[in-house]
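Letter 17 of the sequence shown, counting from 1, is numbered 524 in our numbering, and no numbers are missing.
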Amino acid sequence: MNKKLWEASLSVKKKSNLFKFEKFISKKFNYKTNKNYNKLFNWSINNLGLFWSSIWDYTNVKGKKVEKFKYSKEFIKNKFFVNSRLNFAENLLSKKDNSKAVTFISENGYREVRSWKRLHYNTSKLIHFFKKNKISEKDRIAAYMTNQIETVECFLAASTIGAIWS
Numbered sequence: 508m509n510k511k512l513w514e515a516s517l518s519v520k521k522k523s524n525l526f527k528f529e530k531f532i533s534k535k536f537n538y539k540t541n542k543n544y545n546k547l548f549n550w551s552i553n554n555l556g557l558f559w560s561s562i563w564d565y566t567n568v569k570g571k572k573v574e575k576f577k578y579s580k581e582f583i584k585n586k587f588f589v590n591s592r593l594n595f596a597e598n599l600l601s602k603k604d605n606s607k608a609v610t611f612i613s614e615n616g617y618r619e620v621r622s623w624k625r626l627h628y629n630t631s632k633l634i635h636f637f638k639k640n641k642i643s644e645k646d647r648i649a650a651y652m653t654n655q656i657e658t659v660e661c662f663l664a665a666s667t668i669g670a671i672w673s
């Protein structure tokens with residue numbers, strides 16, 4: 508079956524992150540864009556280090572970037588950013604507006620939405636609580652909780668201070 512079921516219009520494509528990323532690398536590496544996913548895919552495979560470094564830069568990852576890579580003949584064994592450091596929660600909580608961050612829907616249909624602003628506020632309160640109780644980096648926090656927004660907030664708070672959440 509060679510018939511396309513659907514293709515995005517050029518205006519939709521130009522708003523996509525993939526299109527914007529291709530423009531980003533075209534400026535950085537004198538890469539000629541042609542709005543062709545296969546060309547970008549091949550570039551990413553043939554330039555693994557440049558690709559992953561560009562992803563880090565394009566997505567504005569906060570952290571200590573060490574451009575050290577360990578290449579392997581087996582793709583799955585490649586290692587990128589060896590010795591780099593970042594805080595997952597710091598990167599995830601960079602937004603602080605009222606747009607939707609998390610939606611929880613229970614099995615019985617109960618629905619709850621948390622904005623980035625509220626997620627950040629609640630996580631900050633938990634961070635303060637953890638620090639007040641002398642919980643710090645490499646400490647372990649274990650909880651028996653349902654998979655709900657408060658669980659996400661606890662995980663983010665633990666991650667922020669470098670504690671291990673389970």
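All residues carry an ideal CB built from backbone N, CA and C; glycine is no exception.
Between the CA atoms of residue j and residue i - distance to the nearest angstrom
| i | j | result |
| --- | --- | --- |
| F548 | N567 | 21 Å |
| Y651 | V659 | 13 Å |
| A665 | S560 | 27 Å |
| K569 | K530 | 22 Å |
| F611 | E657 | 10 Å |
| F595 | E614 | 28 Å |
Residue i burial status per 10 Å Cβ neighbour count (16 or more: buried)
| i | result |
| --- | --- |
| K516 | Per the sequence presented here, residue 516 reads as Ser, with Lys not at that position. Answer is exposed; the Cβ neighbour count stays below 16. |
| S518 | exposed |
| W626 | The amino acid occupying residue 626 in the given sequence is Leu; Trp does not appear at that position. With 16 or more Cβ atoms within 10 Å of its Cβ, L626 is classed as buried. |
| R621 | buried |
Local conformation of residue i per DSSP, three classes
| i | result |
| --- | --- |
| F548 | helix |
| F611 | strand |
| W513 | coil |
| I642 | coil |
Residue i CB to nearest heavy atom of the ligand MN below 7 Å
| i | result |
| --- | --- |
| N605 | Absence of the ligand MN from the depicted structure is noted, as is the absence of any ligand whatsoever, leaving it without description. |
Bridge partners - residue i, DSSP secondary structure assignment
| i | result |
| --- | --- |
| V573 | None, per the DSSP bridge assignment. |
| V620 | T610 |
| K697 | Not covered by the structure: residue 697. The range shown for the chain is 508 to 673. |
Below 8 Å, how does it come out for the region 619 to 630 and the region 583 to 600: are there three or more Cβ pairs, yes or no? yes
Is the number of C-beta pairs between the region 543 to 557 and the region 574 to 588 that are closer than 8 Å three or more? yes
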